[in-house]
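Worksheet for the structure shown next.
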Amino acid sequence: MNKVSFDEIYMGLAVNLAKKSHCVMAQVGAVLSKDTRIVSLGYNGPPAGTHNCDIEWPETGCPRDRKGGCSLALHAEANAILYAAKNQITLEGATLYVTLSPCLPCARIIYTTGIKRVVYKDSYASYKGISVEEGVDFLQRFGVDVIHFKIEEAKII
């Protein structure tokens, strides 16, 4: 009998959480675990109580900021980290599972909160059409274990 790893379980959960996103442009999910237990979840989208992009702007998504990014959205990993902080959950030594590798601003937050391991499914650089995985490079430079996890779609429930 082949046992499913926590990496497979939590990445599968992150993939399914992404489906909750109201973002028109990209759906991203995140799971934070510590000592093999889930401590927080998140997906990308606007802050609670604001607009849901797929309802307000179903064709185009939310208005763009001056750099061309979403003007409302919080990234999935930021949402998961903020929820943990709001509930006074320490993330020192935690693992983050995220369906899209962290951007540089999120990488700074990840490092600052003490998360020691990041497992991601898809490349943010590829999604954005840039040549460098800035967030991954930053995390690795400062000792965070970063893993590009390839999960078979068949293993996602």
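Residue numbers for the sequence shown, in our numbering: -10 to 146. Built from N, CA and C at the ideal position, the CB exists for glycine as well.
Within the DSSP bridge table, the entry for Tyr32 names Gly18 as partners. Lys8 and Asp54 have their C-alpha atoms roughly 24 angstroms apart.
Under the criterion of beta carbons closer than 8 angstroms, Lys110 and Asp134 do not qualify as touching, at roughly 16 angstroms. DSSP lists Arg53 as the bridge partner or partners of Cys59.
Leaving aside the five residues that flank Asn68 on each side, the residues in its chain whose CB is nearer than 6 angstroms to its CB run, in chain order, Gly31. The Cβ atoms of His64 and Cys92 sit closer than 8 angstroms to each other.
One alpha carbon belongs to Thr101, the other to Ser29, and they sit about 17 angstroms apart.
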